[in-house]
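*Asks:* First the structure, then my questions, so here it is.
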Amino acid sequence: MHDGCYITSSTSPRSPWVEGVSIMREWRFLGVTVFLQTACLAAAILLSGCGEKGTPPGKNLLSNPSFENVANGLPVGWEIRGFRGLETDIPAEWGIDDERAYDGKRSFYFLATQDTRRFFVLTQAFAVKNVTRLRVRGAIKTLGVTQGASQFPQANFAITCYDATGNRSESSRFYDLRTTRRTGTSGDWILEDQVFRIPNNTARVEFHCALGMEGKIWFDAISVETAEGFAWNTSETKNFTFHWLAGSEYPEGSREFQQELFDYYCTQLDISETERPKISSYFYPDSATLYEAIGVRTAKKSYWDEREVHMIFPVDDHEIIHMITKPYGVLPFALTEGTAFYLMRNYKGQPVLQVAQNLLKEKKLPGLIAMTDPGTAWKANPDLLAPAAASFVGYLMEIGGPAKFLDLHREANVAHSVGEFDEAFRRVYGISAKTAEEEWLKLLGRLDFSKQSASDTTATDTTGAKPRP
Numbered sequence: 001m002h003d004g005c006y007i008t009s010s011t012s013p014r015s016p017w018v019e020g021v022s023i024m025r026e027w028r029f030l031g032v033t034v035f036l037q038t039a040c041l042a043a044a045i046l047l048s049g050c051g052e053k054g055t056p057p058g059k060n061l062l063s064n065p066s067f068e069n070v071a072n073g074l075p076v077g078w079e080i081r082g083f084r085g086l087e088t089d090i091p092a093e094w095g096i097d098d099e100r101a102y103d104g105k106r107s108f109y110f111l112a113t114q115d116t117r118r119f120f121v122l123t124q125a126f127a128v129k130n131v132t133r134l135r136v137r138g139a140i141k142t143l144g145v146t147q148g149a150s151q152f153p154q155a156n157f158a159i160t161c162y163d164a165t166g167n168r169s170e171s172s173r174f175y176d177l178r179t180t181r182r183t184g185t186s187g188d189w190i191l192e193d194q195v196f197r198i199p200n201n202t203a204r205v206e207f208h209c210a211l212g213m214e215g216k217i218w219f220d221a222i223s224v225e226t227a228e229g230f231a232w233n234t235s236e237t238k239n240f241t242f243h244w245l246a247g248s249e250y251p252e253g254s255r256e257f258q259q260e261l262f263d264y265y266c267t268q269l270d271i272s273e274t275e276r277p278k279i280s281s282y283f284y285p286d287s288a289t290l291y292e293a294i295g296v297r298t299a300k301k302s303y304w305d306e307r308e309v310h311m312i313f314p315v316d317d318h319e320i321i322h323m324i325t326k327p328y329g330v331l332p333f334a335l336t337e338g339t340a341f342y343l344m345r346n347y348k349g350q351p352v353l354q355v356a357q358n359l360l361k362e363k364k365l366p367g368l369i370a371m372t373d374p375g376t377a378w379k380a381n382p383d384l385l386a387p388a389a390a391s392f393v394g395y396l397m398e399i400g401g402p403a404k405f406l407d408l409h410r411e412a413n414v415a416h417s418v419g420e421f422d423e424a425f426r427r428v429y430g431i432s433a434k435t436a437e438e439e440w441l442k443l444l445g446r447l448d449f450s451k452q453s454a455s456d457t458t459a460t461d462t463t464g465a466k467p468r469p
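Next up, the structure:
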């Protein structure tokens with residue numbers, strides 16, 4: 001049973017920054033109780049059209065899957081590629097093992113020590129057409145596999161996906177679609193069997209055997225096939241195609257709430273009707289079914305490029321924001337998340353700007369570097385970084401409006417450093433990001449939440465100052 005909470009008002013919230021102006025809109029919540037029915041679910045799992053007029057199911061898409069054919073020390077049809085590390089680093093060893101095999105007479109291995117910093121993958125590419133799910137099977141054996149300092153948590157199978165133009169899917173970053181990392185000493189062979197959801201427009205797939213840690217790992221008897229799909233029921237609203245399984249229908253009113261929430265976010269970003277995307281929402285009865293469908297153990301998984309969200313909840317209030325803003329560009333990770341929490345107006349049930357102000361008073365508020373430097377962001381505490389980034393996004397929305405904020409998406413798209421972000425920021429706002437940070441912190445410190453009530457949360461600039469134009 002799940003309780004869903006949805007926004008029921010489509011009116012715009014008042015500015016959180018200007019004197020006497022509300023920091024939060026009124027929210028009304030409706031708890032929708034969902035009784036999930038899983039009986040007869042197996043009957044709903046049928047062969048889908050993923051292989052129709054395209055790659056057929058039931059066929060191993062890999063050649064020489066057991067490494068029996070060898071030439072020049074490599075399995076025929078496979079290649080070695082660099083994974084991590086510099087050419088000057090100590091490399092991992094690799095090769096054919098003629099003494100250990102799960103199937104046939106040979107297997108392939110990687111071997112690394114605690115000093116190894118340069119790692120490789122064994123890769124084979126193949127073409128697919130009209131495929132959305134791939135089943136990966138194979139045998140893995142490990143000996144003393146453990147992650148040392150400056151090594152990488154990979155000891156598994158993995159796949160990456162590319163479209164017809166050769167672009168790698170944003171939804172399947174390198175090694176995002178991977179089987180369980182295997183560590184320690186397995187003794188016997190471990191048999192992997194996992195299904196992955198891949199982007200609808202995938203034209204080429206690369207399959208990898210990977211090791212990024214010390215120890216020894218063997219691979220053998222690998223199979224990649226198109227997988228059976230699900231028999232989905234569907235319905236549509238203006239900007240959504242909803243999918244559900246028989247016996248696990250959306251709760252009454254939830255689809256209308258989803259559309260209303262989407263409209264609210266687009267209005268805040270001043271995105272016209274013609275530019276608003278169409279999103280596919282998949283509703284699962286439980287996390288086990290979701291895992292069976294996409295190969296990821298989670299309650300919710302989104303694919304921004306494909307504009308899909310797969311979840312056990314009837315309504316999403318976060319991932320759809322990323323899909324709305326993605327066509328304009330991708331800000332650094334922290335600001336991308338901050339955008340979502342700012343528009344949601346809360347962080348873990350608390351008014352997000354008030355959370356940020358409290359962190360500022362406690363001298364725990366992360367600064368601009370944490371928001372724009374990828375390495376720093378990943379190390380930061382998300383409970384501190386998310387409210388900070390949401391507050392900074394709110395400031396940007398106030399000083400420049402939605403149009404400039406979306407321009408920042410375009411200019412700072414996939415900025416990889418503080419310097420790159422600052423250059424983009426200057427082009428859009430005419431000032432340095434550091435100057436904007438200083439103004440944001442001053443204003444955040446002045447906001448007054450003392451008059452807030454349960455029905456109307458207000459924040460007043462106690463000095464009467466206006467944000468910098």
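Take the sequence shown: its letter number 260 is residue 260 in our numbering, and every next letter is one higher.
For every residue, glycine included, the Cβ atom is placed at its ideal position computed from N, Cα and C.
(1) Taking Q268 as the reference, which of K404, F83, A433 has the closest Cα?
(2) Could you pull the start and end residues of the beta strand (DSSP E) that V145 belongs to?
(3) Within the same chain, show all residues whose beta-carbon is closer than 8 Å to that of H243, passing over the 5 residues directly before and after it, in chain order.
(4) Output the residue ranges of the alpha helix (DSSP H) runs that lie fully inside the region 218-271 and measure 4 residues or longer, sorted by chain position.
(5) For H322, which residues does DSSP report across the bridge?
(6) Going along the chain, which residues of its own chain have a beta-carbon closer than 7 Å to the beta-carbon of N60, five neighbours each way excluded?
(7) Quick check for students: name the residue ranges of the alpha helix (DSSP H) that lie wholly in the region 416-455, counting only runs of 4 or more.
(8) Would you list the residues sitting across from W94 in a DSSP beta bridge?
(9) Going by DSSP, which residues form a beta bridge with P75?
(10) Would you kindly work out how many angstroms separate the C-alpha atoms of F449 and L353, rounded to a whole number?
(11) Classify P75 as buried or exposed, calling it buried when 16 or more other Cβ atoms lie within 10 Å of its own Cβ.
(12) Closest to K105 by CA distance: which of G82, N64, A125, E87 is it?
(13) Note the first and the last residue of the continuous beta strand (DSSP E) segment covering K301.
(14) So what's T474 in DSSP terms, helix, strand or just coil?
(15) Are the CB atoms of L331 and Y265 nearer to each other than 8 Å?
(16) Per the DSSP calculation, L191 is bridged to which residue(s)?
(17) Counting only the same chain and skipping the five closest in sequence on each side, list residues whose C-beta sits under 7 Å from that of G148.
(18) Taking one C-beta from the region 161-168 and one from the region 240-255 each time, how about it: are there three or more such pairs within less than 8 Å?
(19) What residue does the beta strand (DSSP E) around M213 start on, and which one ends it?
(20) Taking the alpha-carbon positions, what's the R426 to L447 distance?
(21) Quick one: residues in its chain with C-beta nearer than 7 Å to the C-beta of H318, no 5 flanking neighbours on either side, listed in chain order?
(22) Rounded to whole angstroms, what is the Cα-Cα separation between P467 and M371?
(23) Closest by CA to N201, which one among R135, A127, F152, F157?
(24) Quick one: measure Cβ to Cβ for G73 and R118, integer angstroms, because I've assumed they're closer than 8 Å.
(25) Identify every run of the alpha helix (DSSP H) within the region 343-372, keeping only runs that are complete inside it and at least 4 residues long; order them along the chain.
(26) Check A125 in the structure and name its three-state DSSP category.
(27) For the 8 Å Cβ check, are there 3 or more pairs between the region 379-396 and the region 357-367?
(28) As a quick exercise: from V309, E93, T289, A433, pick the residue whose alpha carbon is nearest that of P199.
(29) Check each candidate in A158, F152, N167, Y109 and name the one with the smallest Cα separation from K141.
(30) With the cut-off set at 8 Å, would you say I294 and R197 are in Cβ contact?
(31) List the whole-angstrom C-beta distance separating T146 from T183, where the pair is believed to meet the contact cut-off of C-beta under 8 Å.
(32) Would you mind sorting Q350 into buried or exposed? The rule is 16 or more other CB atoms within 10 Å of its CB.
(33) Among all the DSSP beta bridges, which residues are the ones paired with M311?
(34) For the beta strand (DSSP E) containing I159, list its first residue and its last residue.
(35) Measuring alpha carbon to alpha carbon, tell me which of D407, G401, E420, W218 ends up nearest D97.
(36) Is I80 helix, strand or coil when you go by DSSP?
*Replies:* The relevant details are as follows:
(1) Among K404, F83, A433, the Cα nearest to that of Q268 belongs to K404.
(2) Start and end: 133-146.
(3) Its chain contains W232, N233, T234, S280, S281, Y282, F283 as the residues whose beta carbon lies nearer than 8 Å to that of H243, once the 5 sequence neighbours on both sides are disregarded; these appear in chain order.
(4) If only uninterrupted alpha helix (DSSP H) runs of at least 4 residues are considered, those enclosed by the region 218-271 are 254-268.
(5) DSSP output for H322 lists no bridge partner at all.
(6) Counting only Cβ-Cβ distances below 7 Å, and skipping sequence neighbours, we find S223, V224, E225.
(7) The DSSP assignment places complete alpha helix (DSSP H) segments of no fewer than 4 residues inside the region 416-455 at 418-429, 433-446, in order along the chain.
(8) Bridge partners of W94: F110.
(9) According to DSSP, which records beta bridges pairwise, P75 is partnered with V70.
(10) The straight-line gap separating the alpha-carbon atoms of F449 and L353 is approximately 10 Å.
(11) The residue in question, P75, is buried, as its Cβ has 16 or more Cβ neighbours within 10 Å.
(12) Answer by Cα proximity: N64.
(13) The continuous beta strand (DSSP E) containing K301 extends over residues 300-303.
(14) There is no way to answer for residue 474, as the model of the chain reaches only from 1 to 469.
(15) Result no, Cβ atoms of L331 and Y265 do not sit closer than 8 Å.
(16) DSSP output for L191 lists A139 as bridge partner(s).
(17) Here G148 has Q114, M213, E214 as same chain residues with Cβ atoms under 7 Å from its own Cβ, once five neighbours each way along the sequence are excluded.
(18) Two segments are said to touch when three or more pairs of C-beta atoms, one from each, lie closer than 8 Å; by this definition the region 161-168 does not touch the region 240-255.
(19) Premise fails: M213 is in no beta strand (DSSP E) and is neither H nor E.
(20) Straight-line spacing of the CA atoms in R426 and L447 works out to 26 Å.
(21) Result list for H318: A340, M344, in chain order.
(22) Its pLDDT being 35, under 50, P467 is placed unreliably in this model, and the coordinates cannot settle the point.
(23) Of the candidates R135, A127, F152, F157, A127 places its Cα closest to the Cα of N201.
(24) R118 and G73 do not touch by the CB rule: their CB atoms are close to 18 Å apart, not below 8 Å.
(25) Along the length of the region 343-372, whole alpha helix (DSSP H) runs at least 4 residues long occupy 352-361, 368-372, reported in chain order.
(26) In the three-state scheme derived from DSSP, where H, G and I count as helix and E and B as strand, A125 is classed as strand.
(27) With a cut-off of 8 Å, the region 357-367 and the region 379-396 count as touching, because enough Cβ pairs lie within range.
(28) For P199, the nearest C-alpha among the options comes from V309.
(29) If you compare the alpha carbons of A158, F152, N167, Y109 with that of K141, the shortest gap goes to Y109.
(30) Remark: C-beta atoms of I294 and R197 approach each other more closely than 8 Å.
(31) That belief holds up - the Cβ atoms of T146 and T183 are roughly 6 Å apart, short of 8 Å.
(32) Per the 10 Å Cβ criterion, exposed.
(33) Looking at the DSSP assignment, M311 forms a beta bridge with F283, K300.
(34) Residues 155-162.
(35) The option with the nearest alpha carbon to D97 is W218.
(36) Note: I80 maps to strand in three-state DSSP.
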